[in-house]
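Visitor:
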Amino acid sequence: MPAGGLFVHPAGRDLTVELGGPLHTVHLHLRGDALQDAGDGDRRV
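Per my numbering, the sequence shown runs over residues 2 to 46.
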């Protein structure tokens, strides 16, 4: 993952990513309702 990149992993699924070097990361958790509210409302995000 390049600097400034974003990796999104869906909840409830096994993580199948292999690390290739040291990590300098920021972790965040988005609640489903907050993510849905950020969408335009006419479809599920």
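Don't be surprised by glycine CBs; every beta carbon is placed ideally from N, CA and C.
Taking the C-alpha atoms as reference points, what is the distance between G6 and D43?
Guide: Their Cα atoms are separated by approximately 28 Å.
Visitor: Relative to the ligand ADP, is the shortest distance from any of its heavy atoms to the C-beta of A4 smaller than 7 Å?
Guide: Only the bare structure without any ligand can be found here, which leaves the ligand ADP out of the picture.
Visitor: Classify D38 as helix, strand or coil using the three-state DSSP reduction.
Guide: helix
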